[in-house]
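Participant: In the working numbering, the protein residues as written are 884 to 1110.
Ideal Cβ placement from N, Cα and C applies to all residues, glycine included.
Note that the structure is predicted; figures quoted are calculated from it, not measured.
Structure below; questions to follow.
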Amino acid sequence: MNSSNYSSELSVYFDPSPSTPTGLSISGSSGQSPTISWNSNLEPDINAYKVYRKRIGTDNDYVLRATVNAPGTSYTDNGITIGTGRFANYVYYKIKAEDISDQLSPFSNEVRTKHNIQIEQKILSEQIPSAYALHDNHPNSFNPTTSIRFDLSERSRVNMIIYDILGRTIKTLVLYTMEPGFHEIRWDGKDYRGDSVPSGMYIYRLEAKSLNTDEHFIQTRKMLMLR
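Shown next as structure tokens:
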């Protein structure tokens, strides 16, 4: 009985995830839109770069802003205007590389600039209130917008946040320094992504820290969205 020896070779192809993009930088002057630039990845199978953005006072975390097809190595964010005014907050950027197998690299380094934020805010009176206060929103219930009044007796660092009934952050309406006075701000019924929120009970919380004294004011109220 004859016996034969057989041999075979098994080839395994390992496709690693893309390496971390390098050299992320940001450029632009006040009044312009920021341009984010980076170095090309060395891998031959890079398909695109994912640009992520986080706006302080608006976004809870990084949000995918754009996809730039390779070999592109820059992105101009026309939704942001660089600024240094009274209502300027930081905006941050990171990127990831994506290969033809849809594998993503780790995040790149982080860059930031200040941008002008647009809010619908009014100063109702030039008089100075005697105490801090947060008032009922009007109208309540509402659809789709409502106005919130609050009083600042001193120049303060102000933080106003909308939460759902489970305590999850929906949107930050205010996060900057404000002068004393009677103020009003409008909420358009949208979350930090710009999506309309569903009907339900929501909580708004005002925190104001005086820049001149030890005064620290915190108050919450409820409001009802009915769509």
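#1: Compute the beta-carbon to beta-carbon distance between G1067 and R1038, rounded to the nearest angstrom, for a pair I have assumed lies under 8 Å.
#2: Around the C-beta of S991, are 16 or more other C-beta atoms found within 10 angstroms, so that it is buried, or is it exposed?
#3: Just checking, does the stretch 1074-1090 make contact with the stretch 1100-1109 on the three C-beta pairs under 8 Å criterion?
#4: May I ask which residues mark the beginning and end of the beta strand (DSSP E) holding Y1059?
#5: For the putative contact between Y1059 and N972, defined by C-beta atoms under 8 Å, what is the C-beta separation to the nearest angstrom?
#6: Secondary structure at H1066, three-state DSSP: helix, strand or coil?
#7: Can you round the beta-carbon distance between R1076 and V946 to whole angstroms, since I take them to be within the 8 Å contact cut?
#8: Could you tell me which residues DSSP pairs with H998 in its beta bridges?
#9: Hey, how far is the Cα of S957 from the Cα of G1064?
Facilitator: By the coordinates alone:
#1: For the sequence presented, residue 1067 should be read as Glu rather than Gly. The pair is not a contact, with the Cβ atoms about 18 Å apart (cut-off 8 Å).
#2: buried
#3: yes
#4: 1052-1061
#5: 7 Å
#6: strand
#7: With 8 Å as the limit, R1076 and V946 qualify as a contact, their Cβ atoms being about 7 Å apart.
#8: DSSP lists I965, N972 as the bridge partner or partners of H998.
#9: 44 Å
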